[in-house]
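Chains as they are written, first to last, in the working numbering: chain A, 674 to 1027; chain B, 99 to 611.
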Amino acid sequence: MRQVIQVKSNNRLFGILVPIISVLLGLIVGAIIMLISGHNPIEGYIALWNGAFYDEFTIGETIRRITPLILTGLAIAFAFRSGLFNIGAEGQVIIGWLAAVWVGLIVDAPMIIHLPLAVLAGALAGGLWGFVPGLLKAKLGVHEVIVTIMMNYIALYVSNEIVRSVLTDHDTSTEKIAATASLGSEWLQALTFYSRMHYGILIALFAALIMWFIIDRTTIGYELKAVGFNRHASKYAGMNVSKNIILSMVISGAFAGLAGVMEGLGTYGNVSVISGFTNLGFDGIAVALLGANNPLGVVLAAILFGVLKEGAGEMPSAGVPTELVDIIIAIIIFFVASSYIIRWALTRFKKEGK
Amino acid sequence: MEYVIEMLNIRKEFPGIVANDNITVQLKKGEIHALLGENGAGKSTLMNVLFGLYQPEAGEIRVKGEKVNITNPNIANELGIGMVHQHFMLVEPFTVTQNIILGSEPKGIFGSINIKKAEKEIQEISDRYGLKVDPSAKISDISVGMQQRVEILKTLYRGAEVLIFDEPTAVLTPQEIHELMDIMKSLVKEGKSIILITHKLKEIMEVCDRCTVIRKGQGIGTVEVKDSNPDELASLMVGREVNFKTEKKPSNPKDIVLHIENLFVQDVRKVDLVKGLNLDVRAGEIVGIAGVDGNGQSELIEAITGLTKSRSGKIKLKEKDITNLSPRNVTKSGLGHIPQDRHKYGLVLDYPIGANMVLQTYYKKPYSKVSVLNYNEIYDKAKELIKEYDVRTPSEFTPARALSGGNQQKAIIGREIDRSPDLLIAAQPTRGLDVGAIEFIHRKLIEERDKGRAVLLVSFELDEIMNVSDRIAVMFDGKIVANLKPEETDEQELGLLMAGSTTNEAGDSSEVK
């Protein structure tokens, strides 16, 4: 019995320590790489800090950068909690972005109707993009990883084609959306020296709250987690396993779709032909992993990644290439993914300290 | 007296727990030595220490009087210690010979494997100990009992002098158990020594010379089996008196609760495994289904509980037709189900044990209202069941995974019985459990019967079937081939019926419906 209790508290401690140590190790290795390549790591990190927090403007931009990362992180984490790996957040972002802007462009209504409608359209489109792989998984057993990867490409090219041929006349960018559908906020912009920060951060934080509520407080979450942990026991208990798989993918897709909404209605106000992926969905995988698939953890991890990515823009001023931040992020992920090494080292350390 | 293996005052700690505390086992040459203890008593830990998988914190191991340091299983092998694992480590598409030589293949010129030579050697060993194994047969084609003998051959081929058997009879039919006992006797006659890990007292009484008892990690002592008896061994193991014969009043069967008519069920390969089965279970009786694993028992249960669709036939629960209803609707119709595989079906192991207590009822009041869970109600209920069914757990928030098998099973039984189902299906309810837990579970099943519920018990343990059932239905090849009264039959007859002989061949005292 004593063993059980100890294991439990150890796990909780490890759960918090592993991400923190991974982040520190990532920063240390980054410093070493800067040293080897002949840069001053202290200057490099000061530049990074300034890039993210120098003044109100950069802070505003950092928050703008964090907003969609929270949502894609939630999307991946949500699917993970029911045992599904949604690689398709990327496509769901693109399609959510497109749908939100489309509604923003063609609907003419007062803000109180127009904005929620556009946001909802983005979430629904993302949900639809999650529904297809969910359905195929539940009914035919097709692996969701394969289907979601395919769906990413479909989203990319469908979106490009619609921008080119439907929303514009062979142009690469649509017009700006109507002001009634915009998430932009003059108040927030004034507060941050006219950064592109928008009300979307509130939606993202609210979404984290929603995820916590669904997963931890409702029978829906009870079923979703049960299906994720043990499909057989869930079926035995009378749960509808297929329904739960589909539902999980739809909700996950809706979160990712909202991330697209942030870009479409908040940051850019339009949708453009893109040559490659936005990477928001793929970064979401890293955010979810670092955040241990927990809503609060996801928010914290998204803040970290948003800061690193925004701050990276300033690093060339210290002569450090921006790619270094990608290396640091990769190393953090490496250590989180191989948390076994950190656990082993911690246990070893503890034993010797005795 | 010379000892081949001595484990002296072994102590093994894990963080926060002492798994072995001052245990001494001394194995004489040519004896069968039982290692007896409840689940979680530390038997496996001790054997893993001997096998080099764990290093002891204190104590020493001697082989033939010499102190040794076994730091990995290869050293154990070199010292002539072989382990026959409970879960066979065999490559199914390979032949017996290929499996046995795997890892120590006899090389011919140019590094080719000399299969012929190996086959001959294996045949010789097989003949010497009466193992009756065909070296060229494929593993996938031979019976479970035969597979176990291949595992034995494997250790002998590698030159083992000491064989450790880890719960070897759990997967065998009564006849196969007999054969295994004979093989063990012939092994010691040839000078081998055996350690038998078990919690089955009957086996110890039958073949063992001495028995070392472990309780809660402590070495309780070693006794000569011929000077002891099952009652003494059981009380040494559990630490209190144990009641073996399950006491029960005669049954008083009433209306038919479960009625199965001409049922056909297929497995995933679309092969009929239940072939026109008929069965009735009445209120107030326990019907035990006896049979060798793989004769359609699992498919029968899955069909009743709604986990699998039946191909044809009819299943009625009370007056309601439940054929091919969903598991939830079958549960709602009044079914409790203690599943055969408690880890796969019975529990969500990563959920707290408390959350597992409402696995079928979480969506109902008071456990949730408009889809929002009420944790207070859930954990209050859990606390109540944990207390009533004596589930030993640090708290209701402990993950189900952290509980011992017996306590997990008690939790499942509590949950299933608490819904007051008209029909309770108990599939292998005591598999892998120790006598204390078995006693408890049997008592609960009989209590349910006395409350007027119908109980369908499926078990591969004949003792259990004989002890608990009011009526025995023998299942063979997807059908019920005989209906017997436990007091009018014996293990011999049941064993033959389970193997497919007709009642006339097997005996005459039984009535066939």
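Built from N, CA and C at the ideal position, the CB exists for glycine as well.
Enclosing beta strand (DSSP E) for residue i [first to last residue]
{"i": "B/Y477", "result": "Unbroken run through B/Y477 is the alpha helix (DSSP H), Y473 to E486; no beta strand (DSSP E)."}
{"i": "A/M988", "result": "From DSSP, A/M988 is part of no beta strand (DSSP E); its letter is neither H nor E."}
{"i": "B/D370", "result": "D370 to R380"}
{"i": "B/K412", "result": "S410 to L415"}
{"i": "B/K165", "result": "E164 to V166"}
Pair within 9 Å by beta-carbon distance, residue i and residue j
{"i": "B/I570", "j": "B/I387", "result": "yes"}
{"i": "B/L612", "j": "B/K141", "result": "Only positions 99 to 611 of chain B appear in this structure, which leaves residue 612 of chain B out of reach."}
{"i": "B/Y596", "j": "B/G374", "result": "The sequence shown places Met at residue 596 of chain B, not Tyr. Contact flag unset, no."}
{"i": "A/E817", "j": "A/M922", "result": "yes"}
{"i": "B/T271", "j": "B/G593", "result": "yes"}
{"i": "A/L840", "j": "A/T847", "result": "yes"}
{"i": "A/V702", "j": "A/I1000", "result": "yes"}
{"i": "A/A881", "j": "A/L747", "result": "yes"}
{"i": "A/I1014", "j": "A/G699", "result": "no"}
{"i": "A/G992", "j": "A/H712", "result": "yes"}
{"i": "B/V489", "j": "B/T320", "result": "no"}
{"i": "B/V363", "j": "B/D370", "result": "yes"}
{"i": "A/R754", "j": "A/G901", "result": "yes"}
{"i": "B/G382", "j": "B/N350", "result": "yes"}
{"i": "B/E277", "j": "B/R226", "result": "no"}
{"i": "A/V934", "j": "A/A796", "result": "yes"}
{"i": "B/G452", "j": "B/Y487", "result": "no"}
Residue from the options whose Cα sits closest to the Cα of residue i
{"i": "A/I883", "options": "A/L708, A/G957 and A/V972", "result": "A/V972"}
{"i": "B/L688", "options": "B/K230, B/V572 and B/A132", "result": "Absent from the structure is residue 688 of chain B, since the part of chain B shown begins at 99 and ends at 611."}
{"i": "A/W860", "options": "A/L997, A/A1003, A/I743 and A/G733", "result": "A/G733"}
{"i": "B/D264", "options": "B/P425, B/Q246, B/F538 and B/T193", "result": "B/Q246"}
{"i": "B/L447", "options": "B/A509, B/S469, B/G404 and B/I413", "result": "B/A509"}
{"i": "A/G799", "options": "A/I1004, A/T745 and A/I779", "result": "A/T745"}
{"i": "B/G337", "options": "B/K577, B/N581, B/E345 and B/I318", "result": "B/I318"}
{"i": "B/V260", "options": "B/V323, B/G128, B/F112 and B/D225", "result": "B/G128"}
{"i": "B/V305", "options": "B/G315, B/P348, B/L294 and B/D516", "result": "B/L294"}
{"i": "A/L981", "options": "A/Y718, A/V774 and A/F687", "result": "A/Y718"}
Local conformation of residue i per DSSP, three classes
{"i": "B/G605", "result": "Here the model assigns B/G605 a pLDDT of 45, short of 50, so the residue's position is not dependable, and the following value carries that caveat. Here B/G605 sits in coil by DSSP."}
{"i": "B/K290", "result": "coil"}
{"i": "A/A927", "result": "helix"}
{"i": "A/Y941", "result": "coil"}
{"i": "B/L555", "result": "strand"}
{"i": "A/V677", "result": "Because A/V677 carries a pLDDT of 39, less than 50, the predicted location of this residue cannot be relied on, and no value is offered for it."}
{"i": "B/P204", "result": "coil"}
{"i": "B/S142", "result": "helix"}
{"i": "A/R737", "result": "helix"}
{"i": "B/D119", "result": "strand"}
{"i": "A/L778", "result": "helix"}
{"i": "B/Q364", "result": "strand"}
{"i": "B/R490", "result": "coil"}
{"i": "A/K1027", "result": "Low confidence applies to A/K1027: its pLDDT is 45, below 50, so where it sits in the model is not reliable, and the reading given next is rough at best. DSSP places A/K1027 in coil when its eight states are reduced to three."}
{"i": "A/W858", "result": "Checking the sequence shown, residue 858 of chain A turns out to be Ser, not Trp. A/S858 falls in the coil class under three-state DSSP."}
{"i": "B/I354", "result": "strand"}
{"i": "B/P113", "result": "coil"}
Boundaries (first-last residue) of the alpha helix (DSSP H) holding residue i
{"i": "A/I785", "result": "M784 to L813"}
{"i": "B/E397", "result": "Q395 to T403"}
{"i": "A/E716", "result": "P714 to F726"}
{"i": "A/S907", "result": "R904 to Y909"}
{"i": "B/D516", "result": "G503 to D516"}
{"i": "B/F538", "result": "V533 to D548"}
{"i": "B/L594", "result": "E589 to M596"}
{"i": "B/V194", "result": "V194 to I199"}
{"i": "A/N825", "result": "E817 to I835"}
Bridge partners - residue i, DSSP secondary structure assignment
{"i": "B/L106", "result": "B/E158"}
{"i": "B/H435", "result": "B/I523"}
{"i": "B/G180", "result": "B/L261"}
{"i": "B/F574", "result": "B/K577"}
{"i": "A/Y1013", "result": "DSSP lists no partner for A/Y1013."}
{"i": "A/A965", "result": "In DSSP, A/A965 forms no bridge with anything."}
{"i": "B/K252", "result": "Paired residues: none, contrary to the question."}
{"i": "B/V385", "result": "B/L554 and B/R569"}
{"i": "B/C309", "result": "B/A132 and B/V321"}
message: Beta carbons nearer than 8 Å to chain D: which residues of the region 217 to 243 of chain B have them?
response: Judged by its chain identifiers, the structure shown contains no chain D, and its protein chains are A and B.
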